[in-house]
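Novice: Take this structure, written in structure tokens, and hold onto it; I'll ask about it next.
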Amino acid sequence: MAQWHLSEDRLFDPDPAQREIARRLYRGITALPIVCPHGHVDPRWLAQDTFDAPGAPITPSELFIVPDHYVFRMLYSQGVPLDALGVPRADGSRSEVDHRQVWQAFADNFYLFRGTPSGMWLAHEVNVVFGIQDKLDGQNAQAIYDEIADKLARPEYRPRALFERFNIEVLCTTDAASDPLKHHQAIMDSGWQGVVRPTFRPDAVVNLLAPGWKGAVQALGGAANCDITTYTALIRALESRRAYFKSMGCKATDHGVESAYTARLSDAEAEAIFARALRGEATPEDAKRFTGHMLMEMARMSVEDGMTMQLHVGVYRNHNAQLFEKFGADKGADIPIKTEFVHNLRPLLTEYGNDRRLTLILFGMDESVYSSELAPLAGHYPALKLGPPWWFQDSPNGMARYFDQVMETAGLHNTAGFNDDTRAFVSIPARHDVWRRASANWLAGLVVRGLIDEGEAAEMAPEMANGLARRAYNL
Amino acid sequence: MAQWHLSEDRLFDPDPAQREIARRLYRGITALPIVCPHGHVDPRWLAQDTFDAPGAPITPSELFIVPDHYVFRMLYSQGVPLDALGVPRADGSRSEVDHRQVWQAFADNFYLFRGTPSGMWLAHEVNVVFGIQDKLDGQNAQAIYDEIADKLARPEYRPRALFERFNIEVLCTTDAASDPLKHHQAIMDSGWQGVVRPTFRPDAVVNLLAPGWKGAVQALGGAANCDITTYTALIRALESRRAYFKSMGCKATDHGVESAYTARLSDAEAEAIFARALRGEATPEDAKRFTGHMLMEMARMSVEDGMTMQLHVGVYRNHNAQLFEKFGADKGADIPIKTEFVHNLRPLLTEYGNDRRLTLILFGMDESVYSSELAPLAGHYPALKLGPPWWFQDSPNGMARYFDQVMETAGLHNTAGFNDDTRAFVSIPARHDVWRRASANWLAGLVVRGLIDEGEAAEMAPEMANGLARRAYNL
Amino acid sequence: MAQWHLSEDRLFDPDPAQREIARRLYRGITALPIVCPHGHVDPRWLAQDTFDAPGAPITPSELFIVPDHYVFRMLYSQGVPLDALGVPRADGSRSEVDHRQVWQAFADNFYLFRGTPSGMWLAHEVNVVFGIQDKLDGQNAQAIYDEIADKLARPEYRPRALFERFNIEVLCTTDAASDPLKHHQAIMDSGWQGVVRPTFRPDAVVNLLAPGWKGAVQALGGAANCDITTYTALIRALESRRAYFKSMGCKATDHGVESAYTARLSDAEAEAIFARALRGEATPEDAKRFTGHMLMEMARMSVEDGMTMQLHVGVYRNHNAQLFEKFGADKGADIPIKTEFVHNLRPLLTEYGNDRRLTLILFGMDESVYSSELAPLAGHYPALKLGPPWWFQDSPNGMARYFDQVMETAGLHNTAGFNDDTRAFVSIPARHDVWRRASANWLAGLVVRGLIDEGEAAEMAPEMANGLARRAYNL
């Protein structure tokens, strides 16, 4: 039976000279703690110190497949129905499927992940995190299922134990603006030393045309103890919630928008648009302008309260209408689109780009603007930093392209290090390991080509591993 | 005199470890038959088993230069007039030029092809296919001309003999919807065992503004035995022709469009536009919407009859107006343009993208959407596959970029293998060899970086060589 | 104390086989003279043979930092105010800052340039041009300042001595259409043998909305001895100035535009727009159409007078409004934008693209059109050539991407070699050295992959070093 063989030298260039330097640089950063400034891990797990739902122990399929659109989208693309993978429907129901069958379908099709980052992460998780030697295939699927299920029931596989074993220094979650942060409170109250910070994400109330916008505004009002009937009240509520988040350890906000459009509206226009939205009469142009204005306000508030502002741009959400209707959002059908930053972001940069109190971190998946728009912008504006390769670009080649196309112009110190952006908690070490290996290899490439010397590389490697992220997020 | 020296290791990475693995992988696939699911070889050659025109033996210039815009565009860009290359004018005439002079101009300027894929293919053709040892230059041009001309007169250089020597398992041509397929019929009737399949390409009747559209519609009506005076009749005629093509062994359709725009029109709107077009009153907007609608209909028909649908998108045809007026289409003046898939293709994918009965293969030359749009779409929709690098991107670097930017997200099995897309019959082995070498080298790169093991690579290599293409086209 | 260590093999691939070939190719071109067909060196330096301003000896900070937006933008992006770097304000004033402090800030932050082309050039300048062994850091900043200041006072560091030491065969400056070229005249009159040629750049009168347009038109009229009150007069004045520039050794024109839009206007429309502009009533659409038309006229004049036409496209100038107001143009806040050539350039190419008397060299920073638009256009139109990677892309990786994405389709001979485009005179050897190393390495990569043989590479290397540029500019 085939065994996992995760090479000590994986992701390093085959050239012996470069590889040897990469190895040394990598060895110098492997022991550094993991800093997770942005991600989607459920804080409940760490508050309650269990992956189990009430009365239902977690299964391997629930840990690896069911909630992870990175994984099931690949199976779906090759004809495996989401129902057969136990993915819940939009109405909360799910097909009656044995999780062992889900796992079997996954194992039978594991070859589809060859050469993909998901394949690397899954190998790392099964082999390194769960200590399983046999390589997953259709034959051994059930035995491996049993072994993982068995381990999941042990104390050393509970969330806090893994958090510590993973050597996580800080983990930032992503939370709605109206979230009471009770899990974060519970973690603080528990006496456990792990640092878990919330992130303020007000998308649900900023995007006037999002499904459930009105409910989100009401929830925000509830959380902020006010009645949000005007734009002015919305701003006050957001300021109030930011203050609360900050008191709970929050260091950053996050904003997901389809376009990087920004615009400063007059208060009158903002109020008028907000009133139309409350009446259900907001137009797409209204929504665009309002979102663009709210980004300006978020930048203003960040200047004032010091929270780092993250901007994730350029995704066509829920592209597959049939699938969305049946299964809802986040089902692997979000597709990146072309993204323009130079014109769109100018109003915001004109007001706040020269202000060192602001740290604005940009994320996009349209690599065609890496070397032309993003790197020159980050290499000029004091407030700007570039986030690491995101989502589909969070991969060995995606990182190599990012280093290649961004670093010469932006310079390393105008980037924000790495974040894993994941909801798959057990994949965190794998993802950071890929970044650290890719970083070490990139630096080794600079050394062997004579662009920097190894001493410089040895100073840059820990910056990339966690220093840049720590500073960009004030962690 | 300089000799050709086609290295056994060409296109392989210089690193000894990677090169050794690439060699082994390549050796494992060299004997596999060539599958040609898409191309433009003239079926007459194989029906009549000769490259000669009636009463006129083919010359080396006619085989290598005159009909091949890949070749003469490069000479033209450096000041060699098309007349001097014997390229026929739009009116069918051509300048009085000795084919020996054409060959001489080609040989004198052969240095222009250094480092280009055309240069590689031509070297392979002259050296490997025609067994000529001396490297082409201005000095030996006429001697090599004589040697090629001599060989072209021999039986072993007739089309069917070459087809067999090239180890071609199946060759698909590209044929107008109205084509009677008499050459295909002749091949079948001849008792020769070579498999030559037609491909259904209805562009001439789908694009309302194409020159000669009305004539193409009449020709289609003639072929389908009906009078196409309405949109409904057009659809019936196309369905009838598809059935005929299918009966003649056709496995796929092909559609060349400037934009990937799709839209479902009402029957009433489709009829109205078609009526305007017949009156010569169709607008560009009409043409765009009609083409977008016809792509929907083609997808519907593919769901029904099982033929694979190919979509080639994003070329500005006949960019050089002066040249087009004098020489007509396909003269090296077709230029790729930016291509958007996410919004444009959504109507079609909404209706048919989840349907496993459809295989829709996308081709484009705008690489800036490889990693952002194309790979994520193919990595999600069950019906979608990505075609190989096309035309200007069908090159060693184009393939490397494709592997780099597509495979991590789409996964190998959402791609459709290779096709040569060529009208240059004798270049077929060279083109597939480049792909196989590039594939072996890419897989070796994954192995040496620890992303897959060599056993996995050895399974993937034959898929890339012909397995994926065979399945994507049901060959 | 750390020493500079500029590896003999810098920028070469680490693979020993490729590196050895790259070394040989590089050694074959190191002695070739430097050809500078495009740049922004101040001709006053060479006319007066001094870097000093009247009564004020140049300081190291003035040579390396104050006028070089490549350098100070990086410091600014990390929070160093331009005032602290001695950068002059738009009103001509500058903050009272000791140039030793400027140098100290630069040295303290020199680590920011790690892995950037500016870092490479600066290392080359300090170490090779100024012969300083200690690597610049905060500790030795003042000592190195003293050493550079000392050397700048010596005869062998005067501009003409450096010009000769750099082995510059010809240096082209960039000059306004109204420039009297008195420095060029002085150089010719001086008997010094160095060849310094002007370049005709009429942007200031072609862009109707540029600040100071009216003044520029008046200046042009003054230079051409006519009163430019009509479009016709403008054309005559430009023709007259081109003739003057040509008589002064000018070989090329240069045009910087935000978009590659071209259009042939009727004389009547051109006159009407010009009249509106004189009345201060030109619209943005007027300006766009007028610029597009003037590019047509410039191509026409180039056909007539034989001057090579350079087109630099796709920069959003002065993106940072706050900085522009305080410090003016060219302060590191120019950001590349997406650039479209296929549709925009078609009118010009339709009229002049087939005319071998025209050489039109295209420059852009939007790499997403390298392989799709630019290479196919250059690989077809006889009049077109592609300029080298420009500005932010003038870097080791930028060159590698250019070779990768352009050469297979355009072919080497449809490119225009290298130019340094710099105002930093002492950086010229460094910049050409990067190009020559990158070229040698690229060619070695082709050799080791079997695409060309070393003899062919040895012919191509000097073409890349200066042959292609010499021919493209008729130097």
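Chains as they are written, first to last, in our numbering: chain L, 1 to 475; chain R, 1 to 475; chain C, 1 to 475. By construction, the Cβ of each residue, glycine as well, lies at the ideal position given by its N, Cα and C atoms.
1) Check whether chain L comes within 9 Å of Asp334 (chain C), counting only Cβ atoms and requiring the distance to be less than that.
2) Please look up how many angstroms separate the CB atoms of Gly347 (chain C) and Arg264 (chain C), rounded, as I've assumed it's under 8 Å.
3) Does the CB of Ser7 (chain R) have a neighbour CB from chain C at under 9 Å?
4) Kindly say whether Gly505 (chain R), judged by its beta-carbon, lies nearer than 9 Å to any beta-carbon of chain L.
5) Verify the CB distance criterion: does Ile21 (chain R) have a CB-CB separation below 9 Å to chain C?
6) Of the residues that make up the segment 363-391 of chain L, which ones have a beta carbon closer than 8 Å to any beta carbon in chain C?
7) Starting from Asp254 (chain C), follow the beta strand (DSSP E) in both directions and report where the run begins and ends.
8) For chain R, find out if any of its Cβ atoms is closer than 9 Å to the Cβ of Asp175 (chain L); answer yes or no.
9) Secondary structure at Gln104 (chain C), three-state DSSP: helix, strand or coil?
10) Alpha carbon to alpha carbon, what distance is there between Met407 (chain C) and Ala243 (chain C)?
11) Tell me, please, whether the CB atom of Val342 (chain C) is closer than 9 Å to any CB atom in chain R?
12) What residues in its chain sit with their C-beta under 8 Å from that of Phe166 (chain C), if we drop five residues either side in the sequence?
13) Taking Ala260 (chain L) and Glu340 (chain L) to be in contact with their CB atoms under 8 Å, please state how far apart those CB atoms are, rounded to whole angstroms.
14) Would you mind sorting Ala237 (chain R) into buried or exposed? The rule is 16 or more other CB atoms within 10 Å of its CB.
15) Which residues in the same chain as Trp435 (chain L) place their Cβ atom closer than 6 Å to its Cβ, once the five residues preceding and following it in sequence are excluded?
16) If you measure beta-carbon to beta-carbon, which residues of the segment 319-330 of chain L are closer than 9 Å to chain R?
17) Report the three-state DSSP secondary structure of Thr476 (chain R) (helix, strand or coil).
18) Taking Cβ positions, are Asp267 (chain L) and Leu208 (chain L) nearer each other than 9 Å?
19) Does the contact criterion of 3 or more C-beta pairs under 8 Å hold for the segment 75-92 of chain L versus the segment 388-403 of chain L?
20) For Arg8 (chain L), which three-state DSSP category applies?
21) With 9 Å set as the bound, which would you pick, yes or no: does the beta-carbon of Gln139 (chain L) sit closer than that to a beta-carbon of chain R?
22) Within its chain, find whatever has a CB closer than 8 Å to the CB of Asp134 (chain L); leave out the 5 residues flanking it on each side and keep chain order.
23) Just tell me which of R:Tyr381, R:Phe245, R:Leu220 and R:Phe327 has its CA closest to the CA of Ala496 (chain L).
24) From the beta carbon of Gln18 (chain C), is the nearest beta carbon of chain R less than 9 Å away?
25) Could you tell me the distance, in whole angstroms, from the CA atom of Glu96 (chain L) to the CA atom of Phe72 (chain L)?
26) Write down every uninterrupted run of the alpha helix (DSSP H) in the segment 266-337 of chain C whose length is 4 residues or greater and which is fully enclosed by it, in chain order.
27) Just grab the DSSP bridge partners of Lys385 (chain L) for me.
28) I want to see whether chain R comes within less than 9 Å of Asn504 (chain C), judged by CB atoms only; does it?
29) Quick one: using the 10 Å Cβ neighbour count with 16 as the cut-off for buried, is Ala177 (chain C) buried or exposed?
30) Check whether chain R comes within 9 Å of Phe106 (chain L), counting only Cβ atoms and requiring the distance to be less than that.
31) Determine, using beta-carbon pairs with one atom in the segment 23-39 of chain C and one in the segment 153-170 of chain C, whether at least three such pairs fall under 8 Å.
32) May I have the straight-line CA-CA distance separating Asp420 (chain L) from Asp150 (chain L), to the nearest angstrom?
33) Taking beta-carbon pairs under 8 Å, can you tell me which members of the segment 54-82 of chain R lie near chain C?
34) CA-CA distance, Asp254 (chain C) and Leu362 (chain R)?
35) Along chain L, which residues have their Cβ under 7 Å away from the Cβ of Leu112 (chain C)?
36) Give a single yes or no on whether Leu278 (chain R) has its beta carbon closer than 8 Å to a heavy atom of the ligand HEM.
Specialist: Here's the rundown:
1) Along the third sequence, read from residue 1 onward, the residue named residue 334 (chain C) stands at position 334. True, the Cβ-Cβ gap to chain L drops below 9 Å.
2) On the third sequence, position 347 is the one that residue 347 (chain C) refers to. On the third sequence, position 264 is the one that residue 264 (chain C) refers to. Looking at the sequence provided, one finds Pro at residue 347 (chain C) rather than Gly. At roughly 6 Å, the Cβ-Cβ gap stays under 8 Å, so Pro347 (chain C) and Arg264 (chain C) are in contact.
3) Here residue 7 (chain R) refers to the residue found at position 7 of the second sequence. Closer than 9 Å to the CB of Ser7 (chain R) there is at least one CB belonging to chain C.
4) The structure shown has nothing for residue 505 (chain R), since chain R only spans 1 to 475.
5) Along the second sequence, read from residue 1 onward, the residue named residue 21 (chain R) stands at position 21. It does not: the Cβ of Ile21 (chain R) has no partner Cβ on chain C nearer than 9 Å.
6) Taking 8 Å as the Cβ-Cβ cut-off, the segment 363-391 of chain L approaches chain C at Ser368, Val369, Ser371, Ser372, Glu373, Ala375, Pro376, Leu377, Ala378, Gly379, His380, Tyr381, Pro382 and Leu384, given in chain order.
7) Taking the first residue of the third sequence as position 1, residue 254 (chain C) is located at position 254. Its beta strand (DSSP E) spans residues Ala252 to Val257.
8) As a working mapping, residue 175 (chain L) is identified with position 175 in the first sequence. Cβ-Cβ to chain R under 9 Å: no for Asp175 (chain L).
9) Counting from one through the third sequence, the residue named residue 104 (chain C) turns up at place 104. DSSP places Gln104 (chain C) in helix when its eight states are reduced to three.
10) Taking the third sequence and counting its residues from 1, one reaches residue 243 (chain C) at position 243. Taking the third sequence and counting its residues from 1, one reaches residue 407 (chain C) at position 407. Distance between the alpha carbons of Ala243 (chain C) and Met407 (chain C) is about 35 Å.
11) Locating residue 342 (chain C) in the third sequence gives position 342, where the first residue counts as 1. So, interface residue.
12) Position 166 of the third sequence holds residue 166 (chain C). In chain order, Ile34, Ile428 and Pro429 place their CB closer than 8 Å to the CB of Phe166 (chain C), counting only its own chain and leaving out the 5 sequence neighbours on each side.
13) Here residue 260 (chain L) corresponds to residue number 260 of the first sequence, with the count starting at 1. Here residue 340 (chain L) corresponds to residue number 340 of the first sequence, with the count starting at 1. Right, the Cβ-Cβ distance comes to about 7 Å (below 8 Å), so this counts as a contact.
14) By one-based count along the second sequence, residue 237 (chain R) stands at place 237. Ala237 (chain R) is classed as buried because its beta carbon has at least 16 other beta carbons within 10 Å across all chains shown.
15) The sequence position of residue 435 (chain L) within the first sequence is 435, counting from 1. Excluding sequence neighbours, Trp435 (chain L) sits near Phe418.
16) Listed in sequence order: His319, Asn320, Ala321, Gln322 and Leu323.
17) Examination of residue 476 (chain R) is not possible in this model, given that chain R is present from 1 through 475 alone.
18) Residue mapping note: residue 267 (chain L) aligns to position 267 of the first sequence, counting from 1. Residue mapping note: residue 208 (chain L) aligns to position 208 of the first sequence, counting from 1. Against a cut-off of 9 Å, the Cβ pair of Leu208 (chain L) and Asp267 (chain L) comes out as no contact.
19) Per the Cβ contact rule, the segment 75-92 of chain L is not in contact with the segment 388-403 of chain L (fewer than 3 Cβ pairs under 8 Å).
20) As a working note, residue 8 (chain L) is residue 8 in the first sequence. Note on identity: in this sequence residue 8 (chain L) is Glu, with Arg being the wrong assignment. In the structure shown, Glu8 (chain L) sits in coil (DSSP, three-state: anything other than H, G, I, E or B).
21) For the purposes of this step, residue 139 (chain L) is taken as residue 139 along the first sequence, with counting starting at 1. Residue contact with chain R for Gln139 (chain L): absent (no Cβ-Cβ distance below 9 Å to any residue of chain R).
22) Position 134 of the first sequence, counted from the start, is the residue given in the question as residue 134 (chain L). Same-chain partners within the cutoff: Met1, Ala2, Gln3, Trp4, Asn140, Ala143 and Ile144.
23) The shown model of chain L, from 1 to 475, leaves out residue 496 (chain L), and the question about it has no answer.
24) Residue 18 (chain C) sits at position 18 when you count from the first residue of the third sequence. Yes, Gln18 (chain C) counts as interfacial toward chain R.
25) Translated into the one-based positions of the first sequence, residue 96 (chain L) becomes position 96. Translated into the one-based positions of the first sequence, residue 72 (chain L) becomes position 72. Whole-angstrom Cα-Cα distance: 17 Å.
26) Along the length of the segment 266-337 of chain C, whole alpha helix (DSSP H) runs at least 4 residues long occupy 267-278, 284-305 and 321-327, reported in chain order.
27) Taking the first sequence and counting its residues from 1, one reaches residue 385 (chain L) at position 385. Paired residues: L:Ile361.
28) An answer regarding residue 504 (chain C) cannot be provided, because it is not within the stretch 1 to 475 covered by chain C.
29) One-based indexing of the third sequence puts residue 177 (chain C) at position 177. Around the beta carbon of Ala177 (chain C), a 10 Å sphere encloses 16 or more other beta carbons of the protein chains shown; the residue is thus reported as buried.
30) For the purposes of this step, residue 106 (chain L) is identified with residue 106 of the first sequence, where counting begins at 1. Closer than 9 Å: no.
31) As far as the Cβ criterion goes, the segment 23-39 of chain C touches the segment 153-170 of chain C, which means the pair count is three or higher.
32) By one-based count along the first sequence, residue 420 (chain L) stands at place 420. By one-based count along the first sequence, residue 150 (chain L) stands at place 150. Each residue's Cα considered, the two are about 27 Å apart.
33) If the cut-off is 8 Å between Cβ atoms, the segment 54-82 of chain R has Arg73, Met74, Tyr76, Ser77, Gln78 and Gly79 near chain C.
34) By 1-based counting over the third sequence, the position of residue 254 (chain C) is 254. By 1-based counting over the second sequence, the position of residue 362 (chain R) is 362. Within the model, the alpha-carbon separation for Asp254 (chain C) versus Leu362 (chain R) is close to 40 Å.
35) Counting from one through the third sequence, the residue named residue 112 (chain C) turns up at place 112. The contacting residues are Gly411 and His413.
36) Here there are no bound small molecules, and the ligand HEM is not part of this structure.
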